[in-house]
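See structure below.
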Amino acid sequence: MPSTLAYWVEGLDVDRMSFLQQVLFELEKLGCPYRLDSGWEDFDLELLANTWVGVRLQTACEL
């Protein structure tokens, strides 16, 4: 059953694109398979563990 975890960080001085770039850098170092949003998905990044397990990361920025 899918579940959602939500986190809110106040005062973080990093924009969402810089955050995603850092996450991608770490995933590349670890050799973790992932898929980026094609522009039509409801997530920014999907971690591909196996056929039955995956994690989708969706970010937002409030101005």
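One rule links them: number in this note's numbering = place in the sequence shown (from 1) + 50.
The beta-carbon is built from N, C-alpha and C at its ideal position, and this holds for glycine as well.
* Asked: Looking at C-alpha atoms only, which residue of Glu78, Arg106, Ala99 is the closest neighbour of Asp87?
  -> Arg106
* When the distance is taken between beta carbons, is Leu97 closer than 8 Å to Gly104? -> yes
* **Leu70 versus Gln108: straight-line alpha-carbon distance, rounded** => 10 Å
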